[in-house]
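Chain order of the listed sequences is A and V. Under this note's numbering, think of the first position of the first sequence as 8, with each following residue one higher. Under this note's numbering, think of the first position of the second sequence as 8, with each following residue one higher. For reference, the structure discussed in these notes is given below.
Protein chains: 2
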Amino acid sequence: MAAGEQGTLNRGTGVALWRQIQQHLEAQIDSGRFKPGDRLPTEFELAETLSVNRHTVRRALSEMEEKGLLRVEQGRGTFVHEAVIAYNLGKRTRFSANLASIGRTAGHKLLTWRQEEADPNVAKLLCLRKGAPVIVVETLNSADGRPVSYAEHYLAKALFPDIVTHLQESQSLTKAFAAQGIADYERKWTRVTARMPQGNEAELLMQPRSRPVLVTESIDADTTGMPISYGISRFASDWVQLVIEN
Amino acid sequence: MAAGEQGTLNRGTGVALWRQIQQHLEAQIDSGRFKPGDRLPTEFELAETLSVNRHTVRRALSEMEEKGLLRVEQGRGTFVHEAVIAYNLGKRTRFSANLASIGRTAGHKLLTWRQEEADPNVAKLLCLRKGAPVIVVETLNSADGRPVSYAEHYLAKALFPDIVTHLQESQSLTKAFAAQGIADYERKWTRVTARMPQGNEAELLMQPRSRPVLVTESIDADTTGMPISYGISRFASDWVQLVIEN
DNA sequence: CCCTATTTGTTCGTATGTATC
DNA sequence: TGATACATACGAACAAATAGG
């Protein structure tokens with residue numbers, strides 16, 4: 008702890024202490040003293056070095072969290088927030104291209120796959136008869152090495168008998184589609200909800216269980232309008248922002 | 008408890024008890040025995056009448072919650088989930104029209120309003136100079152009487168000096184815009200995130216604090232492309248689904 | 001698996017200064 | 001002047017999540 012910390016706070020100036028602390032910390036982040044991803048000193052340490060109560064520090068931190076500058080994780084600490092990923096939801100929604108356009112490198116991992124019989128919901132969405140065989144692939148998608156979304160894709164087996172093989176080779180749905188004769192496809196619609204993580208979602212997305220996930224359900228269709236894929240994606244809400252451009 | 012409850016479960020048939028319970032409950036919901044919004048019997052009561060352990064009931068319930076059929080609220084009970092509102096995010100995103108199109112009646116309430124000086128972020132988004140006066144109105148918006156979103160709208164005072172008066176009269180942003188000379192406007196973009204409720208958001212939206220809110224930031228512009236309003240809306244994630252049609 | 005230390009989250013209570021009626 | 005409400009600031013204790021042995 009630098010001895011120079013003291014003297015940054017002035018009491019009785021009409022400016023609340025917590026606001027001075029906030030300005031002080033924001034200046035340090037701006038100056039690069041704390042970089043994105045860095046952990047701040049603990050609330051206790053900050054309170055000590057600034058000679059104020061922990062509540063006063065907490066007020067400043069919570070203000071900064073609300074502004075999106077910090078990420079506070081119970082039991083771990085307080086971190087300078089990294090830049091969020093603006094994930095575009097449009098006609099041409101594609102994970103890799105989406106990330107490339109904002110200067111990030113996309114990573115894919117095929118977690119598991121299985122064959123199922125289409126339940127009424129899936130059958131309707133993919134225009135299949137109930138009970139028709141569907142392939143379900145689970146993928147973990149990352150940006151610059153950090154997981155940002157965990158997705159399940161439902162595909163009609165009749166249309167894509169060898170999709171898993173292609174996926175294992177290319178690690179890309181777009182390429183796997185191409186190898187199965189779908190040169191191009193479009194997003195038909197997307198539905199967005201939010202909920203708390205379930206099962207191992209938090210673990211896979213490497214986020215605390217106390218943070219929500221953004222869940223999207225979507226249908227992709229080929230150029231004739233025939234639905235080819237039904238996807239359910241969970242996005243780490245701390246790292247992703249969904250963008251709709253009109 | 009109806010005596011007819013027993014006999015619905017068959018042990019040793021290869022079908023897990025919890026799955027039988029799930030099918031049993033889903034059938035009862037389908038049949039209308041339990042209607043949307045109804046409270047189910049407590050986990051203890053269900054376990055008693057079905058002669059199984061409470062954990063077995065919980066497994067069935069948690070499966071149904073994951074499917075979106077139930078809403079489990081700690082300390083209150085388990086409820087049959089009401090139909091969610093499909094809120095369309097498109098060029099012509101308007102609250103009342105949006106709800107009317109899915110057969111619901113929209114309600115608006117102007118909570119408060121205040122005048123501020125535009126901070127750098129707001130100034131940039133509304134194409135104002137920093138420090139320019141802006142009007143901030145807070146509204147609570149409901150569907151069929153139930154609050155579904157709580158929004159703050161930032162408007163340049165220079166463009167809409169009397170917006171508050173018009174809002175108080177019409178209780179509709181669209182109409183208030185019209186009264187101030189904006190015959191038509193369009194949604195330029197929307198950004199969607201999710202987080203836990205803060206302050207009195209949970210209270211206003213009448214949802215438990217343990218459920219996330221969907222937060223949208225958006226810009227509306229007039230027909231010339233000039234931004235007229237910057238909005239931050241919090242949606243009750245249990246009741247609203249955001250829909251993007253391409 | 002338990003146990004412990006660390007760190008944030010929550011809820012009490014107390015006191016003070018300021019603005020308003 | 002008093003009464004009241006509100007935001008600020010401090011203190012103590014405990015709860016809950018995390019990490020490591």
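Glycine included, C-beta positions come from ideal geometry on N, C-alpha and C. Just so it is clear, the structure is predicted and the values come from calculations on it, not from any experiment.
Looking only at its own chain, which residues have a Cβ that is under 8 Å from the Cβ of V:Pro204, when we skip the five neighbours before and after it? Along the second sequence, read from residue 1 onward, the residue named residue 204 of chain V stands at position 197. Excluding positions up to five away in sequence, the list reads Leu212, Gln214, Arg216, Arg218, Pro219, Val220, Arg241.
When you compare only the Cα positions, how much space is there between V:Glu89 and V:Phe41? Here residue 89 of chain V refers to the residue found at position 82 of the second sequence. Here residue 41 of chain V refers to the residue found at position 34 of the second sequence. Going by the C-alpha atoms only, they are around 11 Å apart.
is_contact[A:Arg78, chain V] using C-beta, thresh 8 Å: Counting from 1 along the first sequence, the entry for residue 78 of chain A is found at position 71. Output row for A:Arg78: interface = no.
Going along the chain, which residues of the region 190-203 of chain A sit with their C-beta nearer than 8 Å to a C-beta in chain V? Cβ contacts with chain V: Glu193, Arg194, Lys195, Trp196, Thr197, Arg198, Val199, Thr200, Ala201, Arg202, Met203.
Any idea which residues DSSP pairs A:Arg46 with across the strands? Sequence index remark: in the first sequence, residue 46 of chain A carries index 39 (1-based). DSSP output for A:Arg46 lists A:Phe86 as bridge partner(s).
Give the DSSP-derived three-state secondary structure of V:Val293 in the structure shown. Outside the modelled stretch of chain V, which goes from 8 to 253, sits residue 293 of chain V, for which no answer is possible.
Which residues of chain V have a Cβ atom closer than 7 Å to the Cβ of A:Glu252, listed in chain order? By 1-based counting over the first sequence, the position of residue 252 of chain A is 245. Simply Trp196.
Identify, in the order they occur along the chain, each residue of the same chain with its Cβ nearer than 6 Å to the Cβ of A:His173, setting aside the five sequence neighbours on each side. The sequence position of residue 173 of chain A within the first sequence is 166, counting from 1. Contacts found: Ala183, Ala186.
Checking contacts by CB at 8 Å: is V:Pro48 closer than that to chain A? Stepping through the second sequence from its first residue, residue 48 of chain V is reached at position 41. Using beta-carbon distances, V:Pro48 does not count as an interface residue toward chain A, since no partner is under 8 Å.
Give every residue of the same chain whose Cβ lies closer than 8 Å to the Cβ of V:Ala54, excluding the five residues on either side of it in the sequence, and list them in chain order. Here residue 54 of chain V corresponds to residue number 47 of the second sequence, with the count starting at 1. Answer for V:Ala54: Asn60, Arg61, Thr63, Val64, listed in chain order.
Taking just the CA atoms, how far does V:Thr181 sit from A:Ala139? Within the first sequence, the letter at position 132 stands for residue 139 of chain A. Within the second sequence, the letter at position 174 stands for residue 181 of chain V. If you take the alpha carbons of A:Ala139 and V:Thr181, they lie about 47 Å apart.
Alpha carbon to alpha carbon, how far is A:Gly39 from A:Leu47? Position 32 of the first sequence, counted from the start, is the residue given in the question as residue 39 of chain A. Position 40 of the first sequence, counted from the start, is the residue given in the question as residue 47 of chain A. Distance between the alpha carbons of A:Gly39 and A:Leu47 is about 13 Å.
Going by DSSP, what residue range makes up the alpha helix (DSSP H) through A:Lys131? Residue numbering aside, residue 131 of chain A sits at position 124 when the first sequence is read from its first letter. Per DSSP, A:Lys131 belongs to the alpha helix (DSSP H) from 127-132.
Comparing the C-beta of V:Leu212 with each C-beta of chain A, is any distance below 8 Å? The residue you call residue 212 of chain V lines up with position 205 of the second sequence. Residue-level contact by beta carbon fails for V:Leu212 and chain A, as no gap is shorter than 8 Å.
Skipping 5 residues on each side, what residues in its chain have a beta carbon closer than 8 Å to that of A:Lys164? The count along the first sequence starts at 1 and reaches residue 164 of chain A at position 157. Result list for A:Lys164: Gln122, Ala139, Pro140, Val141, Ile142, in chain order.
Range covered by the beta strand (DSSP E) that runs through A:Trp196: Translated into positions along the first sequence, residue 196 of chain A becomes position 189. That run of the beta strand (DSSP E) goes 192-202.
Taking beta-carbon pairs under 7 Å, can you tell me which members of the region 95-120 of chain A lie near chain V? Leu96, Gly97, Lys98
Could you tell me if A:Ser108 is buried or exposed, where buried requires 16 or more neighbouring beta carbons within 10 angstroms of its beta carbon? The count along the first sequence starts at 1 and reaches residue 108 of chain A at position 101. Under this definition A:Ser108 is an exposed residue.
Would A:Ile6 and A:Leu76 qualify as a contact pair, given that the criterion is a beta-carbon distance under 8 Å? What the structure shows of chain A is the stretch from 8 to 253, and residue 6 of chain A is not part of that stretch, so it cannot be assessed.
Distance check for A:Thr15 and V:Asp6, CA to CA, integer angstroms please. There is no way to answer for residue 6 of chain V, as the model of chain V reaches only from 8 to 253.
A:Ser4 touches chain V at which residues, Cβ-Cβ below 8 Å? Any property of residue 4 of chain A remains undetermined from this structure, which presents chain A solely from 8 to 253.
Step through the CB atoms of chain A and report whether any lies within less than 8 Å of the CB of V:Leu68. Position 61 of the second sequence, counted from the start, is the residue given in the question as residue 68 of chain V. No, its Cβ sits nowhere closer than 8 Å to a Cβ of chain A.
Here's the rule I'm using: 16 or more other beta-carbon atoms within 10 Å means buried, otherwise exposed. How should A:Phe167 be labelled? As a first step, residue 167 of chain A is located in the first sequence; it is residue number 160 there, counting from the start. A residue is called buried once 16 or more other Cβ atoms fall within 10 Å of its Cβ, and A:Phe167 is buried on that count.
Using a C-beta to C-beta distance shorter than 8 Å, which residues of chain V count as neighbours of A:Gln248? On the first sequence, residue 248 of chain A is found 241 positions in, with the first residue counted as 1. Neighbours of A:Gln248 on chain V, chain order: Arg198, Val199, Thr200.
Contact criterion: CB-CB distance below 8 Å. Does V:Gly11 meet it with respect to chain A? Residue 11 of chain V sits at position 4 when you count from the first residue of the second sequence. Caution applies to V:Gly11, whose pLDDT of 41 falls short of 50 and renders its modelled position unreliable; the value that the coordinates give is listed next. By this cut-off, V:Gly11 is not an interface position.
Among the candidates A:Lys131, A:Arg101, A:Gly82, A:Cys134, whose CA atom is the shortest distance from the CA of A:Ala158? Locating residue 158 of chain A in the first sequence gives position 151, where the first residue counts as 1. The shortest C-alpha separation from A:Ala158 is found at A:Arg101.
Report the neighbours of V:Gln30 on chain A: residues whose CB is nearer than 7 Å to its CB, in chain order. As a first step, residue 30 of chain V must be located in the second sequence, where it is residue number 23. Within 7 Å Cβ-Cβ: nothing; V:Gln30 doesn't reach chain A, min ~13 Å.
Per the DSSP calculation, A:Arg241 is bridged to which residue(s)? Counting from one through the first sequence, the residue named residue 241 of chain A turns up at place 234. Paired residue(s): A:Tyr157, A:Val222.
Taking the CB atoms as reference points, tell me whether A:Leu147 and A:Val199 lie closer together than 8 Å. The residue labelled residue 147 of chain A in the question sits at position 140 within the first sequence. The residue labelled residue 199 of chain A in the question sits at position 192 within the first sequence. Not in contact: A:Leu147 and A:Val199 (Cβ atoms no closer than 8 Å).
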